[in-house]
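Residues in the sequence shown are numbered consecutively from 44, following this note's numbering.
Even glycine gets a Cβ: it sits at the ideal position worked out from N, Cα and C.
These notes are about the structure you will find just below.
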Amino acid sequence: MTMTIRRYARERLRPRQTLPAVALVTAAAETAAGWRGAAPAAADAAIAAALIVTFRIWDDLADRAIDAVAHPNRLSTRPESIRPLAGWAATMGIATAAILRWRQGAIALGLLAALTAVLACWYRLRAGRSAAGDHLRLLKYPVFAVLVAGARPTVSVRGALSIVTAYLAVSVYEWWHDPRSPIGPRTRVAEATLLASATLSLALVFFWGERVR
44 MTMTIRRYAR
54 ERLRPRQTLP
64 AVALVTAAAE
74 TAAGWRGAAP
84 AAADAAIAAA
94 LIVTFRIWDD
104 LADRAIDAVA
114 HPNRLSTRPE
124 SIRPLAGWAA
134 TMGIATAAIL
144 RWRQGAIALG
154 LLAALTAVLA
164 CWYRLRAGRS
174 AAGDHLRLLK
184 YPVFAVLVAG
194 ARPTVSVRGA
204 LSIVTAYLAV
214 SVYEWWHDPR
224 SPIGPRTRVA
234 EATLLASATL
244 SLALVFFWGE
254 RVR
């Protein structure tokens with residue numbers, strides 16, 4: 044089991060793949076909630092990393108049939124890897140859920156359960172890759188930011204803009220780096236424009252210190 048996890052981490056959890064997502068989620072959460080010190084920020088980053096790793100494993104396990112054709116050398120496509128990877132994801136998921144329940148209360152636990160249920164249904168019912176499916180799958184990142192920051196800070200103008208900006212940023216990053224992305228040119232232009240507008244608005248709100256609820 045340990046060998047499988049190590050091989051998977053080397054293959055799918057390399058820093059250049061994982062750290063940008065962790066940084067994005069953490070930055071969105073810190074911007075929404077406000078700076079609370081280095082120690083809380085480090086704890087937030089650790090929780091963001093745990094969420095990202097857990098859901099990436101679940102994504103890869105759900106995509107086994109697709110990856111067996113597109114990426115046949117991936118460790119997650121091998122039958123003997125299912126149990127150790129699923130066990131690792133389940134352990135991390137339960138531990139992270141417990142921490143979120145302790146830090147943020149029952150609302151965070153309910154939101155995490157809802158996200159898990161929505162993605163599970165989508166994986167089961169999807170007919171193939173689509174632009175709508177990609178956008179739904181990427182929705183987990185702004186939800187992670189809400190889970191890390193807490194629900195209350197994200198209902199402010201700054202908090203909402205932080206979450207929206209994070210979602211647009213990860214959407215643009217996805218189609219920018221994926222030549223097989225089904226997202227069309229009009230949607231790309233719209234998302235890039237919205238990202239620029241949201242980023243500018245967030246900067247104005249952040250530096251002017253406006254907090255409208």
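The beta carbons of A151 and V207 sit no closer together than 8 Å. Going by DSSP, E73 is part of the alpha helix (DSSP H) stretching over P58 to A76. Between A72 and V213, the CB-CB gap reaches or exceeds 8 Å.
Here F98 is buried. Its C-beta has 16 or more other C-beta atoms within 10 Å.
Inter-segment contact for the segment 95 to 111 and the segment 48 to 63 is present: three or more beta-carbon pairs are separated by less than 8 Å. Its Cα nearest to that of V161, the residue L181 stands out among L181, R201 and Y51. Straight-line spacing of the CA atoms in D110 and L243 works out to 38 Å. Between the alpha carbons of W131 and I48 lies a distance of about 8 Å. In the same chain as I226, and ignoring 5 residues on each side of it, the C-beta atoms closer than 7 Å to its own belong to A174, D177 and W218, in chain order.
By the CB criterion at 8 Å, Y184 and V68 fall inside the cutoff. Where P127 is concerned, the enclosing alpha helix (DSSP H) starts and stops at I125 to Q147.
In the structure shown, H220 falls within a helical segment according to DSSP collapsed to helix, strand and coil. Judged by their CB atoms, V215 and A235 are nearer to each other than the 8 Å cut-off. Between G193 and A76, the C-beta gap is smaller than 8 Å, which places the two residues in contact. Residues of the same chain with a CB within less than 8 Å of the CB of F249, apart from the 5 flanking positions on each side, are T74 and R201 in chain order.
Distance from the CA of W101 to the CA of A129, rounded to the nearest whole angstrom, comes to 7 Å.
Across the structure, L245 and A163 are spaced so that their CA atoms are roughly 32 Å apart.
With contacts defined as CB atoms closer than 8 Å, V186 and L143 fail to qualify as a contacting pair. In terms of CA proximity to I90, Q147 leads the group R121, R126, Q147 and N116. The beta carbons of L104 and I137 sit about 16 Å from each other, so the pair does not count as a contact at 8 Å.
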